[in-house]
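Asks: Below you'll find the structure I mean.
2 protein chains.
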Amino acid sequence: MRITQEGDYALRVVLYLCKENMNEPKKSKIISEHEKIPLRFLLKLFRKLNKAGIIKSFRGAEGGYSIAKSPDKITLKDIIEAIDGPIFINRCIYDADFCNLNRTNTCDIHHALLKIQKRLVEDLENITIDNVIKGEVQF
Amino acid sequence: MRITQEGDYALRVVLYLCKENMNEPKKSKIISEHEKIPLRFLLKLFRKLNKAGIIKSFRGAEGGYSIAKSPDKITLKDIIEAIDGPIFINRCIYDADFCNLNRTNTCDIHHALLKIQKRLVEDLENITIDNVIKGEVQF
DNA sequence: ATAAACCATACTTAATTGGTATACATTGTT
DNA sequence: AACAATGTATACCAATTAAGTATGGTTTAT
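Residue numbers (the numbering used here), protein chains in the order written: chain A, 1 to 139; chain B, 1001 to 1139.
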């Protein structure tokens, strides 16, 4: 039940770009140093965020990365799924062949886990980077 | 964001023992075959559930396993934590050294993840095996 | 006493995750 | 036009974690 290190990096990097909120793109080297993320790993990670439309990249000299949309339009779910793909808390939820025995299509455990998953995803959807910046996430 | 295969096995095995609800203990070999879980792996898994007080084991000939407490007193969280230990969705939550840079003690992302985790754990606590058996888990 | 069960520990293998390397494409500057 | 500074793409390697197996031991009903 962990988010990956890469997912964690992604959350922090997106938060950073949102906070910087600058006109000119930030260079990966700067971000790598600031967030203590291995440069190559960060570059790879950025490509995933780029594909997902969360950040924009600028190639060439004086290139870099900047945020692609408003922080209140970026949810934690968006970022985590951009990195790790769709969230499934159990294999049997995306592939019925894993539903231990192929019982009555979906077993009772399957149902329970699906409910847990649904609520988890909802929670992740309900927190935006804007919420995070403004300290609106209470617990 | 996955529960482990072992955790999944554990949920199914506990459900099975609760449903069987017999006086005499069930032998691991029978359970292994019924749930299609490798025998040795199952034995190891049962020891964890035993330590956590969820099931009881009986040694010697005619030994086996049976449920140790009422299904309405066993939550999904109990089972998953018995197998995998306490739930932390991110390393920085149990070990502040991982909180990327040691910024202002706990960073904004940390707060958000803690909230997500808290709700996840609550959800897992609120579903008992009894709920599962009775089909009370809707989604 | 014996056989059928579970217990404990250690080991091995497989899968996933994290990180690196190589070669390439783009773009601003000189 | 050449160059250097950037990002891109793919493939590879290493570390960690999860899954499964093996060996030898203990308990207990018969």
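Cβ coordinates follow ideal geometry from the N, Cα and C atoms, glycine included. None of these values were measured; they are calculated from a predicted model.
1) What number of angstroms, rounded off, separates the C-alpha of A1052 of chain B from the C-alpha of E125 of chain A?
2) Verify the CB distance criterion: does I30 of chain A have a CB-CB separation below 9 Å to chain B?
3) Can you confirm whether the stretch 1074 to 1091 of chain B touches the stretch 1 to 21 of chain A when touching is taken to mean that 3 or more C-beta pairs between the two stretches lie within less than 8 Å?
4) Excluding the 5 residues preceding and the 5 following K1027 of chain B in the sequence, name in chain order all residues of the same chain whose CB lies nearer than 7 Å to its CB.
5) Would I89 of chain A count as contacting chain B if we go by Cβ distances under 9 Å?
6) Would you kindly check if the distance between the Cβ of K1069 of chain B and the Cβ of I1093 of chain B is under 9 Å?
7) Quick check: I1109 of chain B and R12 of chain A, are their CB atoms within less than 9 Å of each other?
8) What is the C-beta distance between H1034 of chain B and Y1009 of chain B, in whole angstroms, given that I count them as a contact (C-beta under 8 Å)?
9) In whole angstroms, what is the alpha-carbon distance linking F58 of chain A and K1118 of chain B?
10) Rank A:A112, A:K56, A:C18 by C-alpha distance to the C-alpha of G1137 of chain B and give the top, closest one.
11) Counting only Cβ pairs nearer than 8 Å, list the residues of chain A close to R942 of chain B.
12) Can you tell which of B:P1025, B:F1139, B:E1122 has its C-alpha closest to the C-alpha of G1060 of chain B?
13) Beta strand (DSSP E) containing F58 of chain A: first to last residue?
14) Per DSSP, what are the beta-bridge partners of K1026 of chain B in this structure?
15) Below 8 Å on the Cβ atoms is my guess for L76 of chain A versus I127 of chain A; work out the distance and round it to an integer in Å.
16) Determine which residues of the stretch 1106 to 1122 of chain B have a Cβ less than 8 Å from any Cβ of chain A, and write them out in chain order.
17) Assuming contact is defined by CB atoms lying nearer than 9 Å, are D72 of chain A and G7 of chain A in contact in what I supplied?
18) Let's test the definition: count the other Cβ atoms within 10 Å of the Cβ of I1031 of chain B and tell me whether it reaches 16, buried, or not, exposed.
19) What do you get for D1095 of chain B, buried or exposed, if any count of 16 or more other CB atoms within 10 angstroms of its CB means buried?
20) Check whether chain A comes within 9 Å of N1023 of chain B, counting only Cβ atoms and requiring the distance to be less than that.
21) Cβ atoms of V1014 of chain B and G1087 of chain B: under 9 Å apart, would you say?
22) Nearest by alpha-carbon distance to I1067 of chain B: which of B:I1037, B:D1130, B:K1036 is it?
23) Taking 9 Å as the cut-off, decide whether the C-beta atoms of D1166 of chain B and L120 of chain A are in contact.
24) Give every residue of the same chain whose Cβ lies closer than 6 Å to the Cβ of K134 of chain A, excluding the five residues on either side of it in the sequence, and list them in chain order.
25) Taking L1046 of chain B as part of the alpha helix (DSSP H), name the residues at either end of that continuous run.
Replies: Put simply:
1) 34 Å
2) no
3) Taking a cut-off of 8 Å for Cβ pairs, the stretch 1 to 21 of chain A and the stretch 1074 to 1091 of chain B touch, as three or more such pairs fall below it.
4) Contacts found: G1064.
5) Chain B contact via Cβ: present.
6) No, they are not a contact pair.
7) yes
8) With 8 Å as the limit, H1034 of chain B and Y1009 of chain B do not qualify as a contact, their Cβ atoms being about 12 Å apart.
9) 39 Å
10) Here residue 1137 of chain B is Val; the residue named in the question, Gly, does not match the sequence. Minimum Cα distance to V1137 of chain B is reached at A:A112.
11) Beyond the ends of chain B as shown, which are 1001 and 1139, falls residue 942 of chain B; an answer cannot be given.
12) Ranking B:P1025, B:F1139, B:E1122 by Cα distance to G1060 of chain B puts B:P1025 first.
13) 55 to 58
14) Note: K1026 of chain B sits in a beta bridge opposite B:Y1065.
15) 5 Å
16) Against chain A - using a Cβ distance shorter than 8 Å - the residues of the stretch 1106 to 1122 of chain B are C1107, D1108, I1109, H1111, A1112, L1113, L1114, K1115, I1116, K1118, R1119, L1120.
17) With contacts defined as CB atoms closer than 9 Å, D72 of chain A and G7 of chain A fail to qualify as a contacting pair.
18) buried
19) exposed
20) no
21) Note on identity: in this sequence residue 1087 of chain B is Ile, with Gly being the wrong assignment. No, Cβ-Cβ distance for I1087 of chain B and V1014 of chain B is not below 9 Å.
22) B:D1130
23) Shown here, chain B extends from 1001 to 1139; a query on residue 1166 of chain B therefore has no answer.
24) none
25) For clarity, residue 1046 of chain B is Phe in the given sequence; the question names Leu instead. Here the alpha helix (DSSP H) through F1046 of chain B covers 1039 to 1051.
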